[in-house]
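What follows is a short report on a single structure.
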Amino acid sequence: MEPTNATNIDEGLYSRQLYVLGHEAMQRMAGSSVLIMGLGGLGVEIAKNIILAGVKSVTLYDPSLVTFYDLSSQFYLSESDVGKPRDLCSAPKLALLNQYVPVTVHEGELHSQHLANFQVVVVTETSLAKQLEINDFTHANNIKFISADIRGLFGMAFCDFGKEFVVSDVDGETPQSGMLAAVSKELDGVVTVLEDSRHRLEDGDYVKFSEVQGMTQLNETGPFKVTVVGPHTFKIGDTSGFSDYTKGGVFTRVKMPKTLHFKSLRESLETPEFLVSDFAKFDRPQQLHLGFQALDAFVTRHSALPLSYNEAHAQEVVAIAKELASKTPEQIEINEKIIAALAHQSRGSLAPMAAVIGGMVAQEALKAVSGKFHPIFQYLYFDSLESLPKHFPIAEQNTQPLNTRYDGQVAVFGTDFQHRLADSRQFLVGAGAIGCEMLKNWALIGLGAGAKGVIHVTDMDTIEKSNLNRQFLFRPKDVGQLKSATAAAAAAEMNPEMRGQIVVHSDRVGADTEHVYGDDFFAQLDLITNALDNVEARTYMDRRCVYYHKPLLESGTMGTKGNTQVVVPRLTESYSSSQDPPEKTIPMCTLKNFPNAIEHTIQWARDLFEGLFASQPEYGRMYLTNDDYIDKAIAQSTTARDVLNGVIASLGETRPKDFQDCVSWARLKFQELYHDTIAQLLFNFPPDSITSSGAPFWSGPKRAPSILEFDVNDPAHLAFVQSAALLRASNYGITPPADDSAIIQCLSQVHVPEFTPKSGVKIQVEENDTAVDGDSGLDSLLAALPSKAELAGVEITPSQFEKDDDSNHHMDFITAASNLRARNYRIAEADRHQTKGIAGKIIPAIATTTSLVTGLVCLELYKIVDGERPVEDYKNGFVNLALPFLGFSEPILAAKQKYLDVTFTQWDRFEIEQLMTLGELLDYFAREHRIDVTMISSGNTMLYSAFSGPKKAAERKPLQILELVELVSKKPVAPHVKYLVLEFVGDELDGGDIEDLPYIKIRVRK
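Counting the sequence shown from 1 gives a position; our numbering is that position plus 3.
Structure (structure tokens):
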């Protein structure tokens, strides 16, 4: 397979990444070679992420020999590799990650002249002296240089991208745009946007203009620098010499390149610039800057790192740090506790730390070759000292190497905590991108690997080609296989002790699988980790964790952005306690008649696909296969007309008999959508129409459209007809001609009638208006239904939208349909890639963000496994690798409520273990809690109401709760259910009001 180059990017493989980086950045990456020095846990993580991203080539250099310490974080090494060169052992497995990226090993000495072959040099686990030697050469020769290291719970990175480095896109955000309402003509012209939108610009931004009428100079000049006046207004400088503004216009923010001037490593040691990764530790970077130098000096002096938790060695490192601090202009005061901790843990190598720093550094390397996103300028220091256990002893005697694969982790946490990790019982929900990274980290840290431990993992999905770019446990041979089983097998290969410890499931989590994931299942678990890609499943698992009082680790990514959340029972709020605002929808009137953005036309085309090739054929299929289908449809009066119209459209006179009929239908559909409908709209509202208030009708967001005349020589026109005809043929099992050129011949036989505008046709101009409508009666539609006798042998198959299958023509149709409608309304068209992302609602994704986020999750996992802690020990994380930004906050405490004199949160409930009748339950609350129960329900079923009369209450009080629920709901309770949740309200026995109460969890089966 040829390496990726500027003309050959495998969009099937890189599709999700392309939505983050774009084609231009990917092409730059595809022409760049990267050298990675040091193949410990950090080095292999960086290499993995860079290879997955798709650079031209990766060269490895690390002849040092594998030790047991490496196995705690290096996922491509095993016990059998101990004593062998790290690079030679790692290269074969790294080479399997991406068939487009050659991976080689540099053998022999590495000299400066070799560095000239690379665009980026990444060094890890390298002495400061060697780093300086390498950087002196790279800085002088405009080769991008990155150094990084992890030591226990500490990590660092340094970037030098040369004397002048141009960033083409500093944030990766889609440039905002908006429609104009007015532009003043003065020395400092003021632009006003439409009332219903904000411009979201900042001082110093630049904008360009298009489609401005009157003051056309705005379209021809610029970009203009912005000074913000208010949320709807901004200034752009002198417009006094321009023509008068008339109407219309769109502004779009222009991303201006930014030039950065990096200092060399030698200069930066003396005058460092820091990216603060945790504002709660604002002074930590300067401390660690000196601490890492002191650690390097210790190694130079002793040819070895300090012994784990050896106090004499730690104090020597502290003394060196103090000496270095005394030479700084600020006379920095050393925090002895922090520097000693660095020395104590320096032999440790932790998989989560490798994931955090490795994800960030790999993205920096990609920035270096692509110019996409703002790089770290220039030092990053990070630590997670909060992850140290508080309930397990750590001392020199229990942190020494035992020649096991966990030596690198024991060097930080001690043997007792390692046993606790091994005996943990976990549930991983999802085995996609985050799930793969999570299982890799868990295998390395030995989570669940003990006799009492277990990991349950579930995912109902199978592997697709687009997964391979970021779900790194999968290979091309695995496409079509179950994700959970494949990921579990790959994790067990990394750590043989995991064999037999991972239980594979393929059930979706939800109400329909509670017989699988029920009381007994959750009772055995210590922790749940979500690796999901949808909010519905996340909120469901959140409810289950609250119900079963289980901690939950939640995370998600979108492109360069990621977040993590820790949910701790009886302490923090849950995931569902706060949610993002609902996704903004496009008004129907905008979709139908007044689009002004490409997103509108793409959604319109997606809806068109669903109607023509899915819904209408489904109506036809149901009509053919269900004798009482029409009677049931008429009974559902709200859908009757849609059903009848759909049956007629799919099986009536226009039902195709051959491919010529499919082409004719597609050509007439073009005429209807892009000519006749637009002509009718303009007939109703000519371009010079005015509203009742005297304002132009076609103004603001309403663009006056123009009709399209079909041109067989226009590729977009032909693409619409061809894709529509092929999809129509597929619905009816009609085989199209093998020769694509046959469609031209078919088109020549199509008769297109002249369009005559109709008077009195209602057009939807506002959201609450009635849309275009025909005869509201059903009799004429029933009369037009085709006879089933005429349809003997006819079969029809609806199309189910699939964005990633290029052979099904789905995206061909949606792209063509959307762009033609964009032409109607003078909207800039979108290519297939952009259209696919919007129509398919694709979540942008890259491996680097996933690596970083899962690393942060696992640092929190250490804390959960350790046991009960104060809330300030936990951290919710927010990252954006494009900026770059790392931010942390304490989880929010669970909100408190009160009844009588009792305080409770969402974690509290009344738990009743004995079987009870309704009467016994009422007596229990009166006796034990001084509550007069007035109402009890189970789900939507009302079980008891004090206001329903004494007779009904007397009938129900003797019934067991299970009997009562089944009687009133008229449905049996599933046999696996041992407990029911009852909601209830009541008053104080003395008559006082109670505003809110926890729910009741009551046993109903032994």
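Even for Gly, the Cβ is constructed at its ideal location relative to N, Cα and C.
Within 7 Å, strictly: CB atoms of residue i and residue j
| i | j | result |
| --- | --- | --- |
| Ile360 | Gly158 | yes |
| Val170 | Lys261 | yes |
| Pro226 | Tyr248 | no |
| Asn566 | Phe881 | yes |
| Glu966 | Val976 | no |
| Ala297 | Ala324 | yes |
| Val372 | Ser35 | yes |
| Thr489 | Ser821 | no |
| Asp935 | Asp876 | no |
| Val320 | Phe301 | yes |
| Ser387 | Leu855 | no |
| Ile39 | Gly46 | yes |
| Arg428 | Asp529 | yes |
| Tyr543 | Gly521 | no |
| Leu556 | Gly433 | no |
| Val571 | Pro585 | no |
| Pro88 | Ser60 | no |
| Phe78 | Leu447 | yes |
| Thr402 | Ser311 | yes |
Reference residue i; option with closest CA among the options
| i | options | result |
| --- | --- | --- |
| Ser1042 | Thr532, Asn444, Ala825 and Ser696 | Nothing about residue 1042 can be read from this structure; the chain reaches only from 4 to 1009. |
| Ala949 | Ser972, His932, Leu925 and Leu962 | Leu925 |
| Gln318 | Pro332, Phe420 and Ile342 | Ile342 |
| Asp510 | Ala28, Ser487 and Ile766 | Ser487 |
| Asp583 | His552, Gln606 and Glu539 | Glu539 |
| His812 | Leu823, Ile846 and Val724 | Val724 |
| Ala151 | Gly41, Asp990 and Leu63 | Gly41 |
| Ile867 | Leu962, Leu983 and Val569 | Val569 |
| Lys705 | Ala795, Ala638, Leu594 and Glu805 | Leu594 |
| Gln134 | Pro404, Asp299 and Val764 | Asp299 |
| Met919 | Val1007, Glu757, Pro572 and Pro590 | Val1007 |
| Leu293 | Leu272, Ser213, His305 and Phe285 | Leu272 |
| Gln917 | Tyr927, Ala56, Ala825 and Ala368 | Tyr927 |
| Asn145 | Val123, Gln504 and Gly155 | Val123 |
| Gly252 | Lys188, Ala184, His316 and Pro309 | Ala184 |
| Gly614 | Tyr626, Cys592 and Gly649 | Gly649 |
| Gly351 | Ile337, Glu326 and Gly411 | Gly411 |
| Thr800 | Gly736, Ala786 and Leu750 | Gly736 |
| Lys250 | Phe688, His264, Gly217 and Asn716 | Gly217 |
| Phe686 | Ser696, Ser709, Ser695 and Leu671 | Ser709 |
N-terminal and C-terminal residue of the beta strand (DSSP E) that residue i is part of
| i | result |
| --- | --- |
| Ala184 | Ser180 to Val186 |
| Thr255 | Val253 to Val257 |
| Ser60 | Ser60 to Tyr64 |
| Leu985 | Tyr982 to Glu991 |
| Arg154 | Lys147 to Arg154 |
| Gln1072 | This structure cannot settle anything about residue 1072, because the visible part of the chain is limited to 4 through 1009. |
| Lys791 | Counting along the chain, Lys791 falls outside any beta strand (DSSP E), and DSSP gives it neither H nor E. |
Nearest-angstrom Cβ-Cβ length linking residue i and residue j, presumed shorter than 8 Å
| i | j | result |
| --- | --- | --- |
| Ala669 | Ala819 | Rounded, the Cβ-Cβ distance is 10 Å, inconsistent with contact. |
| Leu711 | His678 | 6 Å |
| Ala850 | Asn101 | In fact, because the Cβ distance is near 10 Å, the residues do not count as touching under 8 Å. |
| Tyr382 | Pro499 | Not confirmed; about 39 Å, so no contact. |
Delimiting residues of the alpha helix (DSSP H) encompassing residue i
| i | result |
| --- | --- |
| Arg304 | Arg287 to His305 |
| Asn533 | That residue, Asn533, is in no alpha helix (DSSP H); its beta strand (DSSP E) goes Leu530 to Asn533. |
| Lys325 | Glu314 to Ser329 |
| Tyr22 | Glu14 to Ala33 |
| Gly840 | Arg835 to Ala842 |
Residue i at chain D interface by Cβ criterion, 7 Å
| i | result |
| --- | --- |
| Gly25 | Looking for chain D here will not work: only one protein chain is present. |
(Q) What ranges does the beta strand (DSSP E) occupy inside the stretch 381 to 465, keeping only unbroken runs of at least 3 residues that lie completely in it? (A) Taking only runs of at least 3 residues, the beta strand (DSSP E) segments lying wholly in the stretch 381 to 465 are 382 to 386, 428 to 432 and 457 to 461.
Q | Whole alpha helix (DSSP H) elements within the stretch 884 to 965, 4-residue minimum | A | List check, alpha helix (DSSP H) in window: 921 to 932 and 953 to 959.
Every unbroken alpha helix (DSSP H) within the stretch 629 to 668, with a cutoff of 4 residues, ordered by chain:
Segments of the alpha helix (DSSP H) lying fully in the stretch 629 to 668: 632 to 638 and 640 to 654.
>> My parser needs the beta strand (DSSP E) runs of 3 or more residues fully inside the stretch 43 to 122; what are they?
In response: You should have 60 to 64 and 106 to 108.
Output the residue ranges of the alpha helix (DSSP H) runs that lie fully inside the stretch 692 to 774 and measure 4 residues or longer, sorted by chain position.
The qualifying runs are 718 to 735 and 745 to 750.
At what residue ranges does the stretch 500 to 562 contain a whole run of the alpha helix (DSSP H), taking only runs of 4 or more?
-> Here the runs fully enclosed are 522 to 526 and 538 to 551.
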